[in-house]
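Numbering (this note's numbering), first residue to last: 1034 to 1286.
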């Protein structure tokens, strides 16, 4: 079973996280597939919108922790976050096509950060958003580098420092998403958005996206990726997460 799916519907390209048994957590292979599909959609002149969503009832449970902690050296850790995570985020920023994230359920960690880095985002009614990295002791959230363009500073720090979830309606108030809707309303919303985008010259869409991307570059959002990579190879961090994973296995029914 492919870990990420690519589906074209009319003039939209859907990139679907497809590890429901792992709550759509992201490993190296998943990141590579997302990158490949963003490039494929950008190369298709018929595509007006890229949609990122998840299969099942969860959008994304964040990074696959087993994958993260397979890195035993600083260089391996830096490679993980630069080649896989950061490169994906930069592709989203520099995509010539707008990227809409459809949050189809709970979203944790890097799942929330994918919402933040995307151009537009909507969520179904039962969604929640949780920056759990601090609570788990994994390291500084990437949201610290990219979130302040959307979320007020104190609200972002509250989410990062406490790790407490917020509802979809609270996410609207925080500027994380654009709208909340019923699950069966999503496809209609996407179709209407594609129609709206079809009225705008592709060249102008590219200019708008480019201006936004250059603004993000001024914020030096890449620094947090290095800080996170360095924190993860710390022995104390690795032991903390190892114990967390062992508890998860022990508590499985």
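Backbone N, C-alpha and C define an ideal beta-carbon position, used for all residues, glycine too.
All of these numbers come straight from a predicted model, not from anything done at the bench.
Take residue 1087 as the anchor and find which of 1137, 1074 and 1248 has the nearest alpha-carbon.
-> Just measuring C-alpha positions, the residue of 1137, 1074 and 1248 sitting nearest residue 1087 is 1137.
Is residue 1286 helix, strand or coil when you go by DSSP?
-> Only weak support exists for where residue 1286 lies, its pLDDT of 47 falling under 50; the coordinates are left without a value.
Assign residue 1170 to one of three DSSP states: helix, strand, or coil.
-> The three-state secondary structure of residue 1170, taken from DSSP, is coil.
Tell me whether residue 1249 sits in a helix, a strand or coil according to DSSP, three-state version.
-> Correct three-state label for residue 1249: helix.
Should residue 1057 go down as buried or exposed, given a rule of 16 or more other Cβ atoms within 10 Å for buried?
-> Classification of residue 1057: buried, given that the 10 Å Cβ count is 16 or more.
C-alpha distance - residue 1286 paired with residue 1173, whole-angstrom precision | Any answer about residue 1286 is weak, because its pLDDT of 47 lies below 50 and its placement is not dependable; what the coordinates show is given next. Rounded to whole angstroms, residue 1286 to residue 1173 spans 31 Å at the Cα level.
Could you give the distance in angstroms between the alpha-carbon of residue 1046 and the alpha-carbon of residue 1223?
-> Rounded to whole angstroms, residue 1046 and residue 1223 show a C-alpha spacing of 11 Å.
Cα-Cα, which of 1063, 1083, 1164 and 1170 is closest to residue 1180?
-> When each option's Cα is compared against that of residue 1180, the closest is 1164.
Considering only C-alpha positions, which residue in the set 1128, 1092 and 1158 is nearest to residue 1083?
-> Nearest of 1128, 1092 and 1158 to residue 1083, Cα basis: 1128.
Report the rounded CA-to-CA distance for residue 1006 versus residue 1200, giving the unit in angstroms.
-> Any answer about residue 1006 is impossible in this case: the structure gives the chain only from 1034 up to 1286.
Residues bridged to residue 1121 [DSSP beta-bridge criterion] | DSSP, once it has assigned bridges, lists no residue as partnering residue 1121.
Classify residue 1216 as buried or exposed, calling it buried when 16 or more other Cβ atoms lie within 10 Å of its own Cβ.
-> Classification for residue 1216: exposed.
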